[in-house]
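Report on one structure; see the data block that follows.
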Amino acid sequence: MYTPKQIAFRLKRRGYHRTASAVGRKLYSLGYSTRPVLDNYSCREIAKNLCVPLTTVVYWVRQGWLKAKKPCFNCYQIKNRDLKQFFNNPPQPIRHRIADLDAQVVQYLVG
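If you read the sequence shown in this note's numbering, its first letter stands for residue 3, the second for the next number, and so on.
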């Protein structure tokens with residue numbers, strides 16, 4: 003992962019002129035964290051890693067099973083600790099589905 007400053011530098015080398023703050027704002031609007039230590043995930047990242055549809059992860063958030071912040075109208079940010087809590091103590095209706103997920107991928111996500 004790169005910081006906004008590093009991304010702006012790489013874009014400049016390719017002929018695009020963007021400031022680090024503009025890159026940071028764009029990343030934030032897309033639901034990505036701009037902190038050097040990334041502990042936030044978007045629903046899309048979680049769905050991609052778990053090989054489940056994006057709508058499934060959004061459903062978990064909307065049901066309140068997975069805590070998330072909504073920085074913009076079409077994306078959620080999920081903290082690492084909330085994801086860890088979700089996997090350690092899944093809700094009863096989907097407990098069997100969570101148990102069937104690849105343990106190595108879950109370990110990768112929660113650290």
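Each residue gets a CB set at the ideal place from its N, CA and C atoms; glycine is no exception. Because the structure is a prediction, the values reported are computed rather than measured.
Which whole-angstrom value describes the C-beta separation of W62 and L68, a residue pair presumed to lie in contact below a C-beta threshold of 8 Å?
-> Taking the first residue of the sequence shown as position 1, residue 62 is located at position 60. Taking the first residue of the sequence shown as position 1, residue 68 is located at position 66. Between L68 and W62 the Cβ distance is about 4 Å, and since that is below 8 Å, they are a contact.
With a CB to CB cut of under 8 Å and the five nearest residues on each side skipped, what residues in its chain are close to V112?
-> Taking the first residue of the sequence shown as 1, we reach residue 112 at position 110. Contacts found: N82, L85, K86 and F89.
Quick one: measure Cβ to Cβ for L103 and L52, integer angstroms, because I've assumed they're closer than 8 Å.
-> Translated into the one-based positions of the sequence shown, residue 103 becomes position 101. Translated into the one-based positions of the sequence shown, residue 52 becomes position 50. Confirmed, Cβ separation roughly 6 Å.
Please state whether DSSP places N42 in a helix, a strand or coil.
-> For this step, residue 42 is matched to residue 40 along the sequence shown. N42: strand per DSSP, three-state reduction.
Which one of F11, R20 and Y43 has the shortest CA to CA distance from V110?
-> Looking up residue 110 in the sequence shown gives position 108. Inspection of the sequence shows that residue 110 is occupied by Tyr rather than by Val. Looking at the Cα atoms, Y43 is the closest of the given residues.
Mind checking P6: buried by the 16 CB within 10 Å criterion, or exposed?
-> If you number the sequence shown from 1, residue 6 lands on position 4. Buried, since its Cβ has 16 or more Cβ neighbours within 10 Å.
For V107, is the classification buried or exposed, using 16 other Cβ atoms within 10 angstroms of its Cβ as the cut-off for buried?
-> Mapped onto the sequence shown, residue 107 falls at position 105. So V107 ends up on the exposed side.
Tell me C77's beta-bridge partners as DSSP assigns them.
-> By 1-based counting over the sequence shown, the position of residue 77 is 75. Answer is C74, bridged to C77.
What is the rounded straight-line gap between the Cα of K71 and the Cα of E47?
-> Within the sequence shown, numbered from 1, the residue matching residue 71 stands at position 69. Within the sequence shown, numbered from 1, the residue matching residue 47 stands at position 45. Distance between the alpha carbons of K71 and E47 is about 15 Å.
Answer yes or no: do I100 and P92 have a C-beta to C-beta separation smaller than 8 Å?
-> Looking up residue 100 in the sequence shown gives position 98. Looking up residue 92 in the sequence shown gives position 90. With respect to P92, I100 sits close: the two C-beta atoms are nearer than 8 Å.
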